[in-house]
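Residues 20 to 497 in our numbering are what the sequence shown lists, from first letter to last. No residue lacks a Cβ here, since even glycine has one placed at the ideal position from N, Cα and C. Since the structure is predicted, the reported quantities are computational estimates derived from the model, not experimental observations.
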Amino acid sequence: MSFPKNFLWGGASAANQYEGGYNEGGKGLACADLISGGSHATSRKITAGIKEDLLYPSHEATDFYHHYKEDIALFAEAGFKAFRMSINWTRIFPNGNDQLPNEAGLQFYDNVFDECKKYGIEPIVTIAHFDVPAHLSEAFNGWASREVIDFYYHYAAVLFDRYQNKVKYWITFNEINTATLTIGNFLSLGLNVGESEFIHQPDHMQQRYQALHHQFVASAKVTALAHEKYPELQIGCMISYMPRYPYTCHPNDVLLAKQEENMHSKFCGDVQVTGKYPYYAKKYFADHGFDIVFAEDDQEILANGTVDYYTFSYYLTLCVSADDQVTKNGHSMIGGSGVNNPYLEQSEWNAMIDPVGLRIALNDIYDRYQLPLMIVENGIGVSEDVAADGKIHDAYRIDYLQKHIIEMDKAIEDGVDLIGYTIWSAVDIVSASTGEMKKRYGIIFVDKYDDGSGTLDRKKKDSFDWYQKVIENNGANL
Ligand code: BG6
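Next up, the structure:
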């Protein structure tokens, strides 16, 4: 058995997909509140305001806002040691740049953290999980504006001050590298894109990389603040980590896989862990004609605000080919040069399922940074129903999680310092990309459907009982 005694087993969530109560307790509108529902086949829509005839999944989501006591009690029953969640920026600052925080919002999270403490559950809190106040998008073009750095800093400073004795583990931005992928422009960066499709091939890359630079600076500034004023706190980065395999051992495929993995999966972690832009990024920007504006102190700010631990999400791996013919006939979830990996199975939503890839990722990341690692998202989205016996028999989820946990175990034996694992997701929540309820990830089922109907009742799936045993045995006897 290799899992350390105090390993942080748990589950994860994100406010915009879980919390609901979008206009309660003084909360303001977030960009996520302006994205309609969609499906695997139909993209979600970004709207300029709330349209009466559209359904916005974030508005109620699966209503953690009113169910937090019940949900946290279920987490405790499962034996969770940790619960990853995010704070809704607009619950604390309704416009994003208000002078004074909204006390009702602060109190809500006090209640949540107190409830966690009651059961000895460690909260792991993301400051911004796909969460930009709508006002900052409209008035400042979101993260494209440097001024947003100060608003975020003020927001984070209020959180650290208020919750310093309740929350030890913080994450500055969820999947910060998503900024340059398909869904990043509005959801991660809050760019003022007007009414448009939510998912489309990445565009406006110069602006996106500049906005991402502002997020790096913001992250480094609040990390330095925590180090200086609250040295007990641990501040982490969070990367959507997708290893790239070469489709063949042809050197061109190998080179392409390395280049894509560098810019898509490694670049942001390199900046946040080492405090400077890596050499290959400079070449990439030069090749693409991007010019990232650094303010005078930015190099120093980045260098002084490096993270204490590294977290990442892991769902799948990608396979790339430098041969246009192969790529043309292939398929990729996220565009680019991806092709199907013939050795792997796909999920219902076309994710290549690859447990061994997780061991590879863990070794690669640890080799690069030598920091404690946490996997803060890992799971499978499946359409599922309650069976005739009233239960949810999700053997596929058990199989998926089990195989990934076995590889984590092996990575720890390899010598990787893995300190936590929060599955995606604890409770069924809205899918970020498609806006569906149908794509369920939880080990706890919620009676809520794509048309907005449902009682919001909770029900334990078979995977709940299975995961409870995994935690009870600290990952042994899988
Ligand atoms: C990650 C996000 O990209 O993957 C989550 O951090 C998201 O917010 C998860 O829900 C799964 O993706 P999706 O699109 O299936 O919900």
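Query, Result
"Simplified DSSP assignment, three categories, for Leu125", "helix"
"DSSP three-state assignment for Pro152, whether helix, strand or coil", "strand"
"Which of helix, strand or coil DSSP assigns to Asn35", "helix"
"Reference Ala49; option with closest CA among Trp28, Ser62, Tyr75, Ser32", "Tyr75"
"Buried or exposed by the 16-neighbour rule on C-beta atoms within 10 Å, applied to Asn25", "exposed"
"Inter-residue spacing [alpha-carbon to alpha-carbon] between Ala370 and Val449", "17 Å"
"Any non-hydrogen atom of the ligand BG6 within 7 Å of Trp108 CB", "no"
"Selection from Val292, Ser62, Gly439 that minimises the alpha carbon distance to Thr201", "Ser62"
"Runs of alpha helix (DSSP H) wholly within the segment 242-281 (minimum 4 residues, chain order)", "270-280"
"Phe170, enclosing alpha helix (DSSP H) - first and last residue", "166-182"
"Cβ contact (3+ pairs, closer than 8 Å) linking the segment 471-487 and the segment 91-102", "yes"
"Three-state secondary structure assigned by DSSP to Gly324", "coil"
"Cβ-heavy atom distance, Asn360 to the ligand BG6, below 7 Å", "no"
"Ser520 in three-state terms, based on DSSP", "With the chain running from 20 to 497 in the structure shown, residue 520 is simply not present."
"Pairwise C-alpha distance: His246 and Leu73", "44 Å"
"Spatial distance of Lys457 from Trp28 (CA atoms)", "26 Å"
"Secondary structure, alpha helix (DSSP H): runs of 4+ residues fully inside the segment 369-434", "374-388, 414-433"
"Bridge partner(s) assigned by DSSP for Phe464", "Lys478"
"Start-to-end residues for the alpha helix (DSSP H) that takes in Glu141", "No alpha helix (DSSP H) contains Glu141, which is instead part of the beta strand (DSSP E) from 141-147."
"Ala414 versus Asp343, Asn493, Glu122, Gly461, residue with shortest Cα-Cα distance", "Gly461"
"Rounded separation between Leu275 and Pro265 - CA only", "7 Å"
"Cβ contact (3+ pairs, closer than 8 Å) linking the segment 163-181 and the segment 29-41", "no"
"Near the ligand BG6: Asn193 beta-carbon under 7 Å from a heavy atom", "yes"
"4 or more residues per run - each alpha helix (DSSP H) lying fully within the segment 73-126", "83-97, 108-111"
"Distance, Tyr298 Cα to Thr81 Cα", "43 Å"
"Strand pairing of Trp443, partner residues [DSSP]", "Answer is none; Trp443 lacks a bridge partner."
"Through-space distance from Asp408 to Ser284, alpha-carbon basis", "43 Å"
"The ligand BG6 heavy atom lying under 7 Å from the CB of Trp189", "no"
"Euclidean distance between Cα positions of Met224 and Ala305", "13 Å"
"Closer than 7 Å: Thr330 CB and nearest the ligand BG6 heavy atom", "no"
"Host beta strand (DSSP E) of Tyr188 (start-end)", "188-192"
"Rounded Cβ spacing between Thr145 and Ile190 (contact assumed at less than 8 Å)", "4 Å"
"C-alpha distance - Ile311 paired with Glu134, whole-angstrom precision", "44 Å"
"Secondary structure of Ala49, DSSP reduced to three states", "strand"
"Residue range of the alpha helix (DSSP H) that includes Val290", "286-293"
"Within 8 Å, strictly: CB atoms of Phe102 and Asn493", "no"
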